[in-house]
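Inspection log for the structure reproduced underneath, given as structure tokens.
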Amino acid sequence: MLEFSIFILLPLLTAGFCYFVKDLRIQYSISLAVAVLHLGLSLLVFLGLYHTQLPTFFSVDSLSKFFLLILSNVYFWVVLVSFSYLKRPVMPKAEEGKKYYFLLINFYLTANSAAMLSNHFGMYWVASEATTLSVAPLIYFYRNEESLEAMWKYLFLVSVGIAFAFIGILLLTLSAKGTGLEGKQLFFWEFVRNAAQLNPIWLKASFIFIFVGLSTKIGIAPMHSGDIDATSNAPSPIAALMSGSLRLTALLGVMRIFLIIRPTTSYEFAKILLIIGALLSLFVAFVFMFKVNNYKRMLAYSSVEHLGLISLGLGVGGLAFIGAMYHAFYNSIAKVILFLTAGNIHRSYKSREVGKVYSVLTRIPKTGWLFLLAFLAISGIPPSGIFFSEIKIFEGILFSDKPYLLAIVLFFLLFIFINMGKIIFNMLYQKGKDEKPQTGTEKFELTHFISIVLLILLASVAIASPEILYKNIISITKDFGMNL
Amino acid sequence: MGIEILQGIISIIVILGVAPMFAGMVNKQKAILTGRIGAPIWQPYYDLRRLFKKETINAASSSFISRISPILNLVTLITAAAMLPVGFWKPLISFNGDIILFAYILGLARFFQILAAMDIGSSFEGMGAAREATFALFAEPIFFFTIGSISFISGLTSLYDIYHSIQLTNISYEVFIVICSISVFMLAVTECSRMPVDDPNTHLELTMIHEVMILDNSGFDLFLYQYSSYIKLFIYAVLEISFFYPFSKQSYLLGIIIFISGSVGLTFVLGIVETITSRYRMKNIPQYLLFATAIGILNLLIYTFTK
Amino acid sequence: MENVLSILFCLSLFYVVVTSRVKAYVTVLRVQGIILAILLMIPFIYHFSIFGIILPATLLLVKVFLIPRYINKVILDLDIKRRIEPTIQQMVFLPIVIASMIVIFLASNILSKSTELNVIPFASGFSAIVIGIYIIMFRKKLIVHVCGFLILENGIFLFGTAVASELPMMIELGTLLDVFVVVFLMGIALNRISNTFEGFEITDLGRLKD
Amino acid sequence: MNDLIDSHNVLFIAAFIIQLLSIVFLSIKNERKALFSTNIVLLIGLAFGLISTLSSTLFTSAEISSRNIFSNFIRLDGLSIYFLFIVQLVAIPITIYNFSYLQHYIEQKRPIKNFIIFYLILLISTQFLVIANQAIFFLICWEAMTISAYLAMVLEREKEEVQRGSFYYFATSHVIIFVLYIFFFLLHHLTGSWFFSDYHILFSTGIVVPIIFILSFIGFGIKAGFMPFHFWLPQAHPIAPSVLSAFFSGVMIKTGIYGILRTFQFLNPVPEWCGWLMLCVSIISAIFGVWYALAQHDIKRLLAYHSVENIGIIGIGIGIGFIGSANNLPVVQVLGFGGALLHTLNHAIFKSLLFIGSGVVCQNLETRNIELMGGLVHRAKYIAIFFLIGSVAISGIPPFNGFISEFIIYTGFFKTANELKNYYPIIMLMFVVGLAFVGGLAVACFTKVNSIMFLGNERKEVKHFHTSIYDNSSLGILALLCVVIGFYPQPFVGVVNKVITNGFVKGNSSSALINIDWLYFTVIFSSIALSVFVLYLIKIKLEKKYGRRTSPAWGCGYENLNPRMQYTASSFADELNTIPKSVLVYHKKVEISETAFPLPSKFESHSKDFIDSKIILPLFNFLKLLVGKIEFLSQTDVRYYIAFILIIITIYSLIAFLWV
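Dropping the structure here:
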């Protein structure tokens with residue numbers, strides 16, 4: 000019961016608390032404490048040092064363990080940075096946003112943990128809808144037109160998408176008609192066990208609906224637009240949270256249904272769908288990296304690219320699946336760094352347009368170097384973890400039954416990399432028109448510290464490659480019945 | 000072994016001694032053919048003695064290059080000469096692959112001569128240097144297509160052995176050798192800056208190659224340059240004459256006789272060529288050289304497919 | 000009984016399609032809410048249980064009272080013009096709708112061969128979903144989009160009853176709550192939008208692009 | 000871990016530890032002190048490494064025994080030790096030059112500490128790269144090398160050309176890493192191991208092996224800068240700080256050669272077409288590399304193109320080796336690979352010499368355009384001499400080291416023609432002539448460079464030409480190496496021979512390299528040197544006797560010649576550049592005014608890179624255009640988003656229905 004209260008109830012209570020207590024500092028310290036507890040416990044659970052007893056609708060398996068860890072890791076850093084972020088002299092309109100910030104973020108934690116831990120489709124659905132609801136007002140933090148539009152689009156698109164996912168769930172029950180599952184509850188593992196009996200037509204239909212519906216949240220093309228707008232206009236910590244964990248929450252749903260569909264005849268079909276979606280996302284990232292002129296949108300597209308890679312790994316299976324799992328973890332970390340540093344840049348240049356940002360390396364050297372390193376990390380330069388996960392994915396693809404995919408993927412990745420590099424180096428090096436050569440000195444802030452820590456984490460985890468992580472991922476892979 | 004070294008030393012001495020006379024003979028032939036009496040064939044020696052005694056004048060902007068270059072020139076040429084079978088004797092320096100050393104050591108001489116010309120800092124020498132570089136570049140393949148092709152066919156890589164390997168066996172090979180000797184002659188004309196590529200007698204036209212490069216030298220420097228140019232001429236003469244090797248198999252004496260007569264004959268040929276041809280325009284010279292190269296390639300192809 | 004209600008539901012859909020007044024949408028939402036509530040009540044006619052009544056009651060509360068009232072309030076606050084602004088005229092829209100409904104009915108008829116399901120609620124629910132999407136696609140006003148979304152939700156609900164999915168009540172309530180909060184947030188957003196952009200048109204929402 | 004206790008390894012590891020330690024000294028506040036101490040420690044480390052490398056039976060009589068350290072992650076066999084030796088040998092003078100080079104930037108108040116860090120990483124990762132024995136470790140070192148080099152390259156990042164050139168390098172290196180991924184995946188797939196020591200694949204085992212060869216040829220070929228893939232090189236090297244460009248051309252591109260040789264070791268024996276491919280690509284690189292070089296005015300760009308040329312020459316050697324292995328002729332292999340390896344060492348030496356020399360000049364004159372230089376021999380005599388030695392060596396002219404390696408390659412050609420008769424001699428002769436042609440072009444190019452840069456009068460007024468002891472000493476070391484290898488090649492050839500015969504060339508380890516009587520060269524060259532010296536003394540004497548004076552150059556009677564009347568580089572090379580105009584993309588612009596009072600006339604000539612300007616950029620722009628056409632995805636209206644959902648669902652459902 001303890002873990003349930005810490006994972007789900009405590010954040011909820013904190014949210015309520017934050018509604019009544021208006022002092023930002025107190026809110027911050029309380030939420031930080033919650034975050035620490037959450038992180039600690041999920042770490043314990045992940046390490047298998049703590050055996051969980053969760054009420055109905057909730058359970059822990061290796062996948063949810065893993066994703067929960069990712070969530071609480073990202074969440075912890077985000078909350079840690081939040082206070083200093085809120086203290087910044089941003090637009091005056093954001094005062095109201097500050098009031099509800101911690102409330103919403105705690106509520107988000109509740110919803111997201113619930114979604115991660117749920118073992119019941121209905122529960123999952125409710126929780127993930129709740130995450131959307133909690134994040135939408137946070138997107139509207141700055142209270143300006145762009146963020147308002149972004150919030151509207153995100154809310155609307157994702158609600159519709161989630162509605163489709165619900166249809167998918169209903170179709171799933173329909174597929175259970177006339178089997179042992181009829182009239183039973185929608186527990187994942189029930190379905191996984193009796194997957195063979197399910198009616199293939201309805202199963203396929205439900206996979207389509209759930210996949211497409213949740214794609215709006217994951218950001219799989221062509222349903223990525225709302226995500227892009229939201230991520231690029233939300234305040235940086237929230238953007239990091241979304242890219243780092245929220246997308247994975249949605250991915251979890253897809254993986255659940257994918258897991259159910261595996262033993263059936265429709266498995267190949269599901270794989271193909273995942274691969275198509277992944278290639279579309281890569282293509283979209285490839286196209287927009289040529290055009291994008293707003294560095295936060297660029298980062299959002301990079302998220303689309305990497306989620307695309309992950310789902311490609313899922314679709315291809317085998318070694319690529321393992322790679323995808325690692326990739327989910329490393330990508331979440333790298334995204335946090337990128338968005339935090341991008342936030343610093345935004346603060347000191349007051350603009351998200353690439354054209355208006357120049358000679359970052361000389362004006363705010365610390366942020367500049369960290370941003371550069373984070374870019375190198377995300378584009379798979381060792382010793383960043385992304386390098387190792389991408390290698391696994393690539394090798395998996397090359398020796399799967401569809402090796403030609405690798406050529407396409409590498410082509411897209413190459414040009415994404417080149418264009419991203421162009422944009423970022425312009426920001427870092429380009430001399431401004433009216434700029435006198437001044438070497439700004441930037442004082443060492445929390446964001447820098449966090450970025451450095453996360454970079455080290457990114458590298459060290461990859462190099463040390465802890466046994467427990469590997470074991471866990473292998474057990475996930477076993478669950479998914481991949482043959483290695 | 001000892002005797003061979005002796006022969007080598009002798010042949011070097013011969014080259015050093017005879018080279019100016021050879022040039023003098025060529026000039027004499029030319030004079031006679033153009034209906035003049037002409038200077039005696041000893042004239043080069045007089046010139047050299049005169050230059051030897053003169054004061055050295057260096058251009059104001061010149062550096063150590065233009066002081067070292069004449070010496071290097073002479074030394075390298077002597078070294079090259081030391082690889083040649085003068086009188087079909089075994090030269091002093093003869094080992095596998097000395098053909099490459101031969102080609103490249105001449106390159107060394109050229110390198111420093113060009114530098115020395117540019118060292119003066121006047122656009123005048125500059126032109127000469129540029130041309131030297133350009134034409135030398137096109138002269139390089141000719142050498143490899145003639146001597147090199149013989150060596151590739153015989154599988155030998157030492158000048159002496161290469162000439163050694165020439166026999167009068169079958170007709171196609173003889174034709175091959177004859178054409179080779181022709182293109183070597185064209186090479187010699189180029190390298191020694193004779194007609195029709197260059198005119199050794201005039202200085203002050205902007206059309207000169209070799210003579211203009213040494214324009215600003217005088218005294219001992221000029222002495223060295225002149226002397227080395229004589230040696231160069233003689234080196235190429237030897238390259239040419241050595242094609243007569245097969246006729247001199249019987250005895251040393253015959254060999255020497257053939258060698259001397261051959262060189263005298265060569266002076267005739269050079270004289271005639273210089274009389275009847277006029278100097279080409281600069282932009283035609285590469286074509287001339289490429290023509291020689293083409294002969295070499297064609298020759299080799301014909302030989303390999305008629306063999 | 001269910002089929003009758005479903006037919007009524009479909010009729011309400013047709014009304015939505017042909018009407019050109021915003022208010023009408025709200026009315027339709029009310030009607031649909033009532034229909035769904037009745038649908039949920041049907042089992043209790045035979046064996047009544049006080050515990051089972053909670054869900055239909057909440058449904059009635061949310062879908063018939065709260066949401067329509069809220070939307071009306073929004074409409075009044077923002078004094079939205081009463082005409083919906085269609086991007087294609089009704090004479091084109093109606094055939095499309097009918098055509099797709101026919102397709103859906105036929106398709107579900109075929110599908111019902113494989114697994115037994117009561118076709119009419121299924122098909123009408125599904126067509127409600129599609130029509131909701133159509134309404135969102137072919138109308139300009141954002142408030143109408145919200146209505147379209149709600150119609151979609153109703154459709155899903157009907158659909159759910161058709162496939163007789165035994166979602167636990169807690170989760171059913173959760174879904175209802177979620178829907179309500181979504182609408183609530185959308186209302187707030189509409190408020191903001193109408194404050195930020197004067198005379199809010201969908202075309203104003205074109206700032207975010209590459 | 001007990002393998003670390005081995006006496007060799009102790010020194011070996013100590014070297015790396017010391018090199019790493021040097022980073023500590025960056026914490027010193029005063030930048031000058033920090034620079035000094037860091038580099039000193041780094042030098043000590045490198046020296047240790049060099050000693051350990053040399054002591055590890057490279058120059059001793061013992062056979063090279065390949066040792067594994069760190070559980071096979073590091074393997075020291077002949078090839079690795081040889082390349083490690085090259086890296087460390089060249090790194091030392093470059094690091095010495097660092098002292099004086101970075102002073103300049105300290106004066107400019109530039110933060111140089113980053114640069115030093117990246118330089119350090121670059122050095123260490125390169126050293127690890129050549130001894131790595133595990134594919135992933137190799138890739139990590141590779142990327143560390145690439146990226147640290149990139150980060151160090153953008154020292155003057157605000158300059159537009161720097162951004163451009165470095166970006167070329169950056170993008171290209173990403174292509175390389177992708178190719179290498181697939182390369183190693185295939186190897187891993189075939190052998191089931193990540194360790195180099197397990198890679199022994201017969202070429203006949205299916206279609207995948209030729210693919211492996213091609214991949215390595217492309218991947219490592221891009222790094223090495225063979226002709227079709229060279230386009231990044233002349234972009235990147237000029238804009239890098241001279242220290243780095245020296246390291247790039249000297250060492251880094253050699254890692255490409257290392258890779259290709261390794262691949263050969265995996266696949267030995269290779270079929271003959273590999274050899275022909277190698278030979279053709281290399282001869283093209285050699286000829287056009289030097290020809291492009293001839294057309295440049297930017298000294299560092301020119302040198303970069305010369306790297307292409309020399310890589311071509313190395314490649315020719317490798318090609319001969321391939322042919323030898325295809326026909327199972329150890330002699331030919333030894334000659335080919337021997338020439339290639341020795342030329343790798345030589346090129347590392349003289350190319351870094353030339354880059355450092357040009358770096359000194361460029362830093363003093365603040366320009367890289369040689370048309371503005373001249374007369375520097377009077378300013379800095381020693382630099383001029385060293386540079387001259389370097390240029391003679393790179394043109395492959397005796398008595399310096401360039402000639403030795405080219406001589407081996409020539410001998411390889413002769414040997415090949417000899418061993419395999421019929422049509423081989425004529426083809427080999429073609430290649431020989433090509434090589435000779437390259438030599439001629441190199442002579443033309445470097446006479447141009449030397450004479451325009453150092454000789455004549457100053458074209459641009461030089462206020463003060465400052466050379467420090469560091470410049471001279473680093474250049475001196477390199478020049479000395481050139482001379483030593485040239486005059487006394489015996490031991491170096493012995494090393495190369497040992498490296499090759501040690502597990503590289505299969506079959507009986509023939510001593511073809513040793514059989515060449517190298518003593519001849521020693522004797523001839525030293526006698527030349529001696530006689531030049533003697534004659535010089537005589538000359539001095541005679542000048543004492545008959546007098547010597549200097550007077551202005553003869554200008555056809557025109558009195559006041561001025562420096563601008565000197566022969567320029569472009570006119571020096573013009574005649575040669577106009578021949579392959581279209582390939583060199585060589586443009587001339589002449590403006591001569593015909594008016595009564597003529598205005599000053601203008602002449603300018605420049606050459607673009609064919610591959611870059613005619614293929615790479617057009618392709619990229621075309622792609623950009625194409626992508627720009629895709630509009631439907633960039634919709635801003637939420638209704639389209641919804642429509643997308645509906646459409647995609649319909650499509651997927653159709654797929655589902657059509658699915659069997």
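Protein chains in written order, with numbering that gives the first Met the number 0: chain W, 0 to 483; chain C, 0 to 306; chain V, 0 to 209; chain B, 0 to 659.
Cβ coordinates follow ideal geometry from the N, Cα and C atoms, glycine included.
Please read these numbers as outputs of a predicted model, since none were measured by experiment.
A straight-line Cα-Cα distance of about 40 Å links W:G47 and W:Y403. Assignment of alpha helix (DSSP H) within the stretch 188 to 271 of chain W, counting only whole runs of 4 or more residues, yields 199 to 217, 224 to 232, 235 to 240 and 246 to 260 in chain order. Membership of B:A170 in any beta strand (DSSP E) is not indicated; the residue belongs instead to the alpha helix (DSSP H) covering E159 to T190. The C-beta of B:R31 has fewer than 16 other C-beta atoms within 10 Å across all chains shown, which makes the residue exposed. Linking B:Y118 to B:S147 through their CA atoms gives a straight-line distance of about 7 Å. Between the C-alpha atoms of B:F230 and B:I282 there is a straight-line separation of about 17 Å. It is roughly 12 Å from the alpha-carbon of W:F190 to the alpha-carbon of W:I168. The beta-carbon of B:K538 is placed less than 9 Å from the nearest beta-carbon of chain C. The C-alpha of B:S472 lies about 53 Å from the C-alpha of B:I206. For the set B:A443, B:V307, B:N456 and B:K350, the Cα lying nearest the Cα of B:H377 is the one of B:N456. Short of 7 Å from the beta carbon of W:Y348, and not among the five residues preceding or following it, lie these beta carbons of its own chain, in chain order: K355 and V356. The bridge partners DSSP lists for B:I68 are B:I73. For the stretch 222 to 241 of chain W, the set of positions with a beta-carbon nearer than 9 Å to some beta-carbon of chain V reads S224, I227, D228, S231 and N232 in chain order. In the same chain as B:F336, and ignoring 5 residues on each side of it, the C-beta atoms closer than 6 Å to its own belong to G320 and I499, in chain order.
Among the residues of the stretch 551 to 573 of chain B, those with a Cβ less than 9 Å away from any Cβ of chain C are P551, A552, W553, G554, C555, L560, P562, M564, Q565, Y566, T567, S570, F571, A572 and D573, in the order of the chain. A contact is defined here as three or more CB-CB pairs under 8 Å, and the stretch 288 to 302 of chain B fails this definition with respect to the stretch 205 to 222 of chain B.
Interface criterion met: the Cβ of W:I380 is under 9 Å from a Cβ in chain B.
Bounds of the beta strand (DSSP E) holding B:V589 are Y585 to E590. At a cut-off of 9 Å between beta carbons, V:S99 makes no contact with chain W. In the pairwise beta carbon analysis, the stretch 106 to 116 of chain C is classified as not touching the stretch 247 to 267 of chain C: fewer than three pairs are separated by under 8 Å. Between the stretch 234 to 247 of chain B and the stretch 180 to 196 of chain B, the count of Cβ pairs shorter than 8 Å is below three; the stretches do not touch. Taking CB atoms only, W:W124 has no neighbour in chain B less than 9 Å away. Counted as a single uninterrupted DSSP element, the alpha helix (DSSP H) harbouring W:N418 occupies residues Y403 to Y428. In the DSSP assignment, B:R548 falls within the unbroken beta strand (DSSP E) covering R547 to S550.
When secondary structure is reduced to three states using DSSP, C:I56 falls in the strand class. The beta carbon of V:L65 sits no closer than 9 Å to any beta carbon of chain W. B:K420 and C:F151 have their C-alpha atoms spaced approximately 10 Å apart.
For the pair of segments examined, the stretch 408 to 427 of chain B was found to touch the stretch 326 to 345 of chain B: the number of CB pairs separated by less than 8 Å reaches three.
The beta-carbon distance between B:G389 and B:C481, rounded to whole angstroms, is 7 Å. This is short enough to meet the 8 Å contact definition.
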